[in-house]
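A.B. asks: Encoded as structure tokens, here's the structure I'll be asking about.
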Amino acid sequence: MKNLLFDDKLQIFNLHYLSAGDSISLDHLDFDHDKSSLYCIVWNRDEQNIFLIDGLPVTLDKNEMTFITPNQSFDITKCKGEVLILRFNRDFYCIYQNDHEVSCNGLLFFGSMGNPILILDYLNSSRMEMLLTVIKEEFDMLDHISGEMFRSLLKRWIIISTRVARKQLFETDYPNINIEVFRSFNMLVEENFKKLHLVKQYADLLNKSPKTLANIFKQYNQPSPNKIIQHRIISEAKKYLIYSEKSVKEIAAGLGFESSGTFSRAFKNETSTSPLQFRMENKPPAV
């Protein structure tokens, strides 16, 4: 395991290498700043690995990459081969404030259908390797302008990833108005899913009709707007069920449901199991 850290006045940029047999958890960081503010990029560079994101398994094959948003947990036990983890906090680079630079909100980060998995072809993996080489060189010569160098390299990394995501999800290398609607919808869901549960509510915020919204998503073979809303709600519920001691009634209220019964039905429709059964099957043992 190798860890390279840039820490300057609360600005965190961290490059972490895992080798075969290594384990890591985002609950065990190497610095003291707020853990919930970390963005994380995971590049599986060797054999297939199974990670836990919010307590649930996610599989990455060789040269696949995923993106983890703040407030998500991330764990791997006994890594196979080499995994690269790139982490940074909002103080170092805020993708909300700088979305006009990288256009990744609602696509790489804060996508409401879960963490995207990008497949890197030879060309894009080579591009990432070149960036990685420059990042490692900069860690060898840290000085007062290293922060700006790391930021410029991170932006380039995210821009390449955004283009790969557009190509994979929408079969186009170029942004267009419908992709922007998709991104905006995902961001609105991320901001409002605890209180807005209906497609019409989001369509109104986007000045679109629900039918127009549904047609845009269908055009790109994406899950329906309603499916995305429900998935985001239930994903949050799963996290509470696994990591908190909140009752089903408390979770239901926190997610905007009128009753625990309504919440339980929605949860079962999405998962084919009840909230309590899900908790019993997935909650980690007490230490």
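Here the numbering used here is used: the first residue of the sequence shown is 3, the next is one more, and so on.
Think of the CB as a built atom: it goes at the ideal place given N, C-alpha and C, for glycine as much as any other residue.
Can you look up Q74 in the DSSP assignment and give me helix, strand or coil?
C.D. replies: The count along the sequence shown starts at 1 and reaches residue 74 at position 72. Coil at Q74, not helix or strand.
A.B. asks: Let me know if R89 comes out buried or exposed under the rule of 16 or more other beta-carbons within 10 Å of its beta-carbon.
C.D. replies: Your numbering for residue 89 matches position 87 in the sequence shown. With 16 or more Cβ atoms within 10 Å of its Cβ, R89 is classed as buried.
A.B. asks: Looking at the secondary structure, which residues open and close the beta strand (DSSP E) in which T61 lies?
C.D. replies: By 1-based counting over the sequence shown, the position of residue 61 is 59. L58 to L62 is the extent of the beta strand (DSSP E) around T61.
A.B. asks: My output table needs one value for F152: the three-state DSSP class, helix, strand or coil.
C.D. replies: Reading the sequence shown from its first residue, position 150 is the one you call residue 152. The answer is helix: DSSP assigns F152 an H, G or I state.
A.B. asks: Taking the alpha-carbon of I235 as reference, which of D142, K197 and K213 has the nearest alpha-carbon?
C.D. replies: Here residue 235 refers to the residue found at position 233 when the sequence shown is read from its first residue. Comparing Cα positions, the closest option is K197.
A.B. asks: Within its chain, find whatever has a CB closer than 8 Å to the CB of T214; leave out the 5 residues flanking it on each side and keep chain order.
C.D. replies: In the sequence shown, residue 214 corresponds to position 212, counting from 1. Counting only Cβ-Cβ distances below 8 Å, and skipping sequence neighbours, we find A205.
A.B. asks: Look at the alpha carbon of L144 and the alpha carbon of N5, and state the distance between them as a whole number of angstroms.
C.D. replies: Start at 1 with the first residue of the sequence shown, and residue 144 comes out as number 142. Start at 1 with the first residue of the sequence shown, and residue 5 comes out as number 3. Distance between the alpha carbons of L144 and N5 is about 15 Å.
A.B. asks: Smallest Cα separation from F8: which of F280, I97 and H146?
C.D. replies: Taking the sequence shown and counting its residues from 1, the one referred to as residue 8 is at position 6. Comparing Cα positions, the closest option is H146.
A.B. asks: Could you check the C-alpha separation between F269 and S276 for me, to the nearest Å?
C.D. replies: Along the sequence shown, read from residue 1 onward, the residue named residue 269 stands at position 267. Along the sequence shown, read from residue 1 onward, the residue named residue 276 stands at position 274. For F269 and S276, the distance between alpha carbons rounds to 7 Å.
A.B. asks: Are F195 and I231 closer than 9 Å when you measure CB to CB?
C.D. replies: Taking the sequence shown and counting its residues from 1, the one referred to as residue 195 is at position 193. Taking the sequence shown and counting its residues from 1, the one referred to as residue 231 is at position 229. Contact flag set, yes.
A.B. asks: Tell me, to the nearest whole angstrom, how far the beta carbon of N188 is from that of G113; I am working on the premise that it is less than 8 Å.
C.D. replies: The count along the sequence shown starts at 1 and reaches residue 188 at position 186. The count along the sequence shown starts at 1 and reaches residue 113 at position 111. About 5 Å; that satisfies the 8 Å criterion.
A.B. asks: Among the candidates K138, G256 and Y242, whose CA atom is the shortest distance from the CA of F280?
C.D. replies: As a first step, residue 280 must be located in the sequence shown, where it is residue number 278. Measuring from the Cα of F280, the nearest candidate turns out to be Y242.
A.B. asks: What residue range does the alpha helix (DSSP H) around D101 cover?
C.D. replies: On the sequence shown, residue 101 is found 99 positions in, with the first residue counted as 1. Taken as a continuous stretch (DSSP letters only), the alpha helix (DSSP H) holding D101 covers D101 to V104.
A.B. asks: On a CA-only basis, which of Q74, L86, N51 and P225 is nearest D63? Give me that one, please.
C.D. replies: Taking the first residue of the sequence shown as position 1, residue 63 is located at position 61. Selected option, being the one with the closest Cα: N51.
A.B. asks: If you drop the 5 nearest sequence neighbours on each side, which residues of the same chain put their C-beta closer than 6 Å to that of S27?
C.D. replies: What you label residue 27 is simply residue 25 of the sequence shown in a count that begins at 1. Within the same chain, S27 has close Cβ partners D77.
A.B. asks: Could you tell me the alpha carbon to alpha carbon distance between H285 and K251, rounded to whole angstroms?
C.D. replies: Here residue 285 refers to the residue found at position 283 of the sequence shown. Here residue 251 refers to the residue found at position 249 of the sequence shown. Per the sequence shown, the amino acid found at residue 285 is Lys instead of His. Distance between the alpha carbons of K285 and K251 is about 18 Å.
A.B. asks: Does the beta-carbon of L200 have 16 or more other beta-carbons within 10 angstroms, so that it is buried, or is it exposed?
C.D. replies: Working through the sequence shown from its first residue, we reach residue 200 at position 198. Classification of L200: exposed, given that the 10 Å Cβ count is below 16.
A.B. asks: Do you know how far the Cα of Q170 is from the Cα of F219?
C.D. replies: For the purposes of this step, residue 219 is identified with residue 217 of the sequence shown, where counting begins at 1. For the purposes of this step, residue 170 is identified with residue 168 of the sequence shown, where counting begins at 1. Approximately 14 Å, taken between the alpha carbons.
A.B. asks: For K210, decide whether its Cβ has a neighbour in chain B, counting only Cβ atoms nearer than 9 Å.
C.D. replies: The structure shown contains no chain B; it holds only a single protein chain.
A.B. asks: Rounded to a whole number of angstroms, what is the C-alpha to C-alpha distance between D101 and M115?
C.D. replies: Reading the sequence shown from its first residue, position 99 is the one you call residue 101. Reading the sequence shown from its first residue, position 113 is the one you call residue 115. Approximately 20 Å, taken between the alpha carbons.
A.B. asks: Bridge partners of F69, per DSSP?
C.D. replies: Within the sequence shown, the letter at position 67 stands for residue 69. In the DSSP output, where bridge partners are listed per residue, F69 has I43.
A.B. asks: Output the boundary residues of the alpha helix (DSSP H) element that contains Q13.
C.D. replies: In the sequence shown, residue 13 corresponds to position 11, counting from 1. Element bounds for Q13: not the alpha helix (DSSP H) but the beta strand (DSSP E), Q13 to L20.
A.B. asks: Among the residues of its own chain, which have a CB less than 6 Å from the CB of N46, if the five just before and after it don't count?
C.D. replies: Stepping through the sequence shown from its first residue, residue 46 is reached at position 44. Within the same chain, N46 has close Cβ partners L62, E66 and V85.
A.B. asks: Pull up the DSSP beta-bridge partners for I119, would you.
C.D. replies: Looking up residue 119 in the sequence shown gives position 117. Paired residue(s): T68.
A.B. asks: Out of L120, Q224 and S127, state which residue places its alpha-carbon closest to the alpha-carbon of E69.
C.D. replies: Taking the first residue of the sequence shown as position 1, residue 69 is located at position 67. Per the sequence presented here, residue 69 reads as Phe, with Glu not at that position. Closest option to F69, Cα to Cα, is L120.
A.B. asks: Bridge partners of V85, per DSSP?
C.D. replies: The sequence position of residue 85 within the sequence shown is 83, counting from 1. Note: V85 sits in a beta bridge opposite L20 and N46.
A.B. asks: Check this for me: beta carbons of A254 and S266, under 9 Å apart or not?
C.D. replies: Stepping through the sequence shown from its first residue, residue 254 is reached at position 252. Stepping through the sequence shown from its first residue, residue 266 is reached at position 264. For A254 and S266, yes; Cβs fall inside 9 Å.
A.B. asks: Under three-state DSSP, which class holds S27?
C.D. replies: Within the sequence shown, numbered from 1, the residue matching residue 27 stands at position 25. Of the three classes helix, strand and coil, the one that applies to S27 here is strand, per DSSP.
A.B. asks: Could you tell me how far apart the beta carbons of R165 and I181 are, in whole angstroms, since I believe they sit closer than 8 Å?
C.D. replies: Numbered from its first residue, the sequence shown carries residue 165 at position 163. Numbered from its first residue, the sequence shown carries residue 181 at position 179. At roughly 12 Å, the Cβ-Cβ gap does not stay under 8 Å, so R165 and I181 are not in contact.
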